[in-house]
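*Asks:*
Numbering (this note's numbering), first residue to last: 97 to 454.
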């Protein structure tokens, strides 16, 4: 199938490169509100440059890959849907839960399929952990803890302002990797509680492109949540742009007879550690595939399969909406001081072996 990319920022290159590698979809065009960026990307990768408007109505585009800034994710996705295009969106699906619901409602109305990043949970690390849990020798799930601790992206990102605007912050930026992994391992969340705060009201950019510029912070930058799962068990998550250093695990799953320590869920195939009850040492388990292989776009491959087969994709809009509601609920719980009851749910998926590795 033929795909067009809207948004020619930092991440667009890997989607184009991997489309050639996976050979499941072909990126034939790109668009950006800044036409010079689209032209530069088109020249680099040998594809067509279009306006956003032209891409939306082009009969040559089957799938729109939405890589715009979060604040316009819903707007661009809905425009593509209304023009009969299937959509694969970068995370988050939208910057508000209501907008996320609108995206899926429009997709149902126009009979197209929506997929969404992150797709890292389709890689070997998370899938291997899921197999260990389901195999049963470690017993029932007790709980999990997850941490994303950083000092923020302004030290390296050339245009970091959007990280501190609506739809940004550590939970909306990095939380989807952790929450998607937890949902895939534990199933849907039924209730949650949250706490969120702005630690620094202003940030100073130290990346060379805008060195010394000041960012006014509009969203919480240290956010924690407690998740209760419908199938039992609970998990904690903390995401922060305010921490200089930490020695916390990325993601650990605690079971009756052991613990699984997972790597950074922003990656696909890193090794994980398992320590069984009464064992003295951790055992390293390596999933299939190259450890630091960047397989972004894998979710688009499964979207193509879903379009062909007439079913939900693995990295589905429903999963993305469930994750979006979790993030919304954590912030709302912090504001109201009460538990948040989830509206959405979804069905877990399992990939026994990573496909399309090329």
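Even glycine gets a Cβ: it sits at the ideal position worked out from N, Cα and C.
For the candidate residues 433, 156, 282 and 415, whose alpha-carbon lies nearest to that of residue 181?
*Replies:* As a first step, residue 181 must be located in the chain shown, where it is residue number 85. Answer by Cα proximity: 156.
*Asks:* Figure out for me which residue from 263, 226 and 141 has the closest Cα to the Cα of residue 194.
*Replies:* Residue mapping note: residue 194 aligns to position 98 of the chain shown, counting from 1. Closest by alpha carbon: 263.
*Asks:* Which stretch, first to last residue, makes up the alpha helix (DSSP H) that contains residue 429?
*Replies:* For this step, residue 429 is matched to residue 333 along the chain shown. Its alpha helix (DSSP H) spans residues 413-432.
*Asks:* What residues in its chain sit with their C-beta under 7 Å from that of residue 137, if we drop five residues either side in the sequence?
*Replies:* Reading the chain shown from its first residue, position 41 is the one you call residue 137. Result list for residue 137: 104, 108 and 126, in chain order.
*Asks:* What does the alpha-carbon distance come out to for the pair residue 147 and residue 130?
*Replies:* Taking the first residue of the chain shown as 1, we reach residue 147 at position 51. Taking the first residue of the chain shown as 1, we reach residue 130 at position 34. Each residue's alpha carbon lies about 9 Å from the other.
*Asks:* Can you tell me whether residue 111 is buried or exposed? The criterion is at least 16 other CB atoms within 10 Å of its CB, across all chains shown.
*Replies:* Within the chain shown, numbered from 1, the residue matching residue 111 stands at position 15. Its Cβ being crowded by 16 or more others within 10 Å, residue 111 is buried.
*Asks:* Quick check on residue 271: does DSSP put it in helix, strand or coil?
*Replies:* By one-based count along the chain shown, residue 271 stands at place 175. Correct three-state label for residue 271: helix.
*Asks:* Roughly how many angstroms separate the alpha carbons of residue 435 and residue 218, rounded to a whole number?
*Replies:* Position 339 of the chain shown, counted from the first residue, corresponds to residue 435. Position 122 of the chain shown, counted from the first residue, corresponds to residue 218. Each residue's alpha carbon lies about 30 Å from the other.
*Asks:* Report the residue from 291, 368, 343 and 140 whose alpha carbon sits nearest the alpha carbon of residue 349.
*Replies:* Against the chain shown, residue 349 aligns to sequence position 253. Comparing Cα positions, the closest option is 368.
*Asks:* So, at 6 Å on beta carbons, what are the nonlocal neighbours of residue 372 in its own chain, with the 5 sequence-adjacent residues on each side left out?
*Replies:* Position 276 of the chain shown, counting from 1, holds the residue named residue 372. Contacts found: 354.
*Asks:* Quick one: complete beta strand (DSSP E) runs, 3+ long, within the segment 180-254?
*Replies:* Within the segment 180-254, the complete beta strand (DSSP E) runs of at least 3 residues are 182-185, 210-212 and 237-245.
*Asks:* DSSP beta-bridge partners for residue 436?
*Replies:* On the chain shown, residue 436 is found 340 positions in, with the first residue counted as 1. Paired residue(s): 288.
*Asks:* Would DSSP call residue 169 helix, strand or coil?
*Replies:* Against the chain shown, residue 169 aligns to sequence position 73. Residue 169: helix per DSSP, three-state reduction.
*Asks:* So, at 7 Å on beta carbons, what are the nonlocal neighbours of residue 429 in its own chain, with the 5 sequence-adjacent residues on each side left out?
*Replies:* Numbered from its first residue, the chain shown carries residue 429 at position 333. Closer than 7 Å at the Cβ level, and outside the excluded window around residue 429, lie 288, 289, 290, 435 and 436.
*Asks:* Please list, in chain order, all residues of the same chain as residue 423 whose beta carbon is under 8 Å from its beta carbon, the five residues on each side excluded.
*Replies:* Taking the first residue of the chain shown as position 1, residue 423 is located at position 327. Excluding positions up to five away in sequence, the list reads 188, 267, 268, 271, 272 and 275.
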